[in-house]
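Below is one structure, written out as structure tokens, with a few remarks after it.
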Amino acid sequence: MQNRQDNLQKEILESLTGAPLYNKWLLSKAKGFIKSKILEVGSGIGSFTPHLGELDSQVTPSEINKKFLKILNKKFENKALYLDITKVNFEKIKEKTFNTVVAINVLEHVLQDSLALENMAKLLKNDSNLILIVPAHKTLYGTYDKSLGHIRRYSAKELTEKVNKSGLKIRKIIYVNKIGAAAWFLNARILKLKDFPKSQIFFVNLITPLLDFLDKIIPLSFGLSIVCICRK
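Reading the sequence shown from the start, the letters are residues 1 to 232 in our numbering.
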């Protein structure tokens with residue numbers, strides 16, 4: 001089961017690497033909050049890492065999956081760290097080291113997500129930011145989530161409560177990709193599909209400007225993902 005999840009995750013991550021418009025769009029929601037000396041928690045195979053590097057060259061990728069860690073180190077000159085965010089060795093990685101910690105589609109995989117948030121907070125300097133992107137809405141939880149090893153999806157209220165308990169404060173929290181939420185519900189809840197067609201991710205990348213436009217004009221608070229900016 002774990003090997004199947006790893007293989008599916010790798011396929012999707014490879015597809016996302018070929019979706020630069022969509023990746024940049026998600027990161028644009030944190031524009032102005034991503035500052036130098038960045039730790040990326042759960043980098044996967046580096047789908048977002050180059051875009052963080054465009055914002056600041058001092059990016060440290062990290063990963064718990066050792067297969068993905070090898071790929072990261074090949075891509076990024078052995079700069080990637082092995083990191084289990086629930087078991088941080090604070091003698092090796094000192095507290096208050098980073099100006100920004102970024103965790104994109106990570107918390108939903110972590111059983112002890114509150115502990116993960118507390119540890120990410122410890123790694124931040126004072127008056128620094130944690131950037132979180134997580135899957136939204138429990139009602140969307142379906143076959144895609146199970147295939148990917150997602151333990152949960154979040155509401156803005158639940159995520160806010162967990163962030164506040166970790167000692168961080170919310171600067172900004174928004175739902176993004178309203179059309180994607182509807183498509184996910186159809187595929188994962190109604191049709192119960194288990195695999196992501198690569199063509200679908202390619203198409204999503206192409207229509208990213210349309211997704212952005214529709215998010216702005218549809219006056220409803222929902223979306224495929226939550227972008228949450230937290231301050232220490």
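We put the CB at the ideal spot given by N, CA and C, even for glycine.
Would the beta-carbon of residue i fall within 8 angstroms of that of residue j?
i	j	result
I226	I173	yes
Q9	L148	yes
E95	L117	no
L159	A121	no
L21	T139	no
A19	V204	yes
K192	T143	yes
N126	K232	yes
I179	L214	yes
F33	N129	yes
F185	I12	no
Output needed for residue i: all residues of its chain with C-beta closer than 7 angstroms, excluding positions within five of it in sequence on either side, in chain order.
i	result
K146	none
L72	S43, I45, G46, P61, E63 and A80
A30	I131, V227 and I229
H109	G149, H150 and I151
D84	I64
Could you give the DSSP three-state label for residue i: helix, strand or coil?
i	result
E161	helix
F213	helix
P234	Nothing can be reported for residue 234: it is not among the residues displayed for the chain, which extend from 1 to 232.
V227	strand
N23	helix
K74	helix
T208	helix
Y154	strand
Y144	helix
A103	strand
I64	coil
E40	strand
N177	coil
S128	strand
K232	coil
Give the single residue among the options whose Cα lies nearest to the Cα of residue i.
i	options	result
L55	L111, S36 and K178	S36
K75	N129, T60 and S155	T60
V41	N65, L26, S28 and S57	N65
I133	W184, G167, A103 and Y22	A103
H51	K92, N205 and L26	L26
N187	E11, L224, G32 and A156	L224
A235	L107, F222, D84 and F90	This structure cannot settle anything about residue 235, because the visible part of the chain is limited to 1 through 232.
Using C-beta distances below 6 angstroms, list every residue in its chain close to residue i, excluding the 5 sequence neighbours before and after it, in chain order.
i	result
H137	R153
L88	The amino acid occupying residue 88 in the given sequence is Val; Leu does not appear at that position. Closer than 6 angstroms at the Cβ level, and outside the excluded window around V88, lie N119.
K194	T143 and S147
Might you give, ordered along the chain, the residues of its own chain that have their beta carbon closer than 8 angstroms to the beta carbon of residue i, omitting 5 neighbours on each side?
i	result
Q112	T86
K162	D113, S114 and L117
I38	L52, L55, D56, Q58, V59, T60, F98, N99, T100, V101 and V102
R171	F33, N129, I229, C230 and R231
Using a Cβ-Cβ distance cut-off of 8 angstroms, determine whether residue i contacts chain E.
i	result
F76	Absent from the structure: chain E. Only one protein chain is present.
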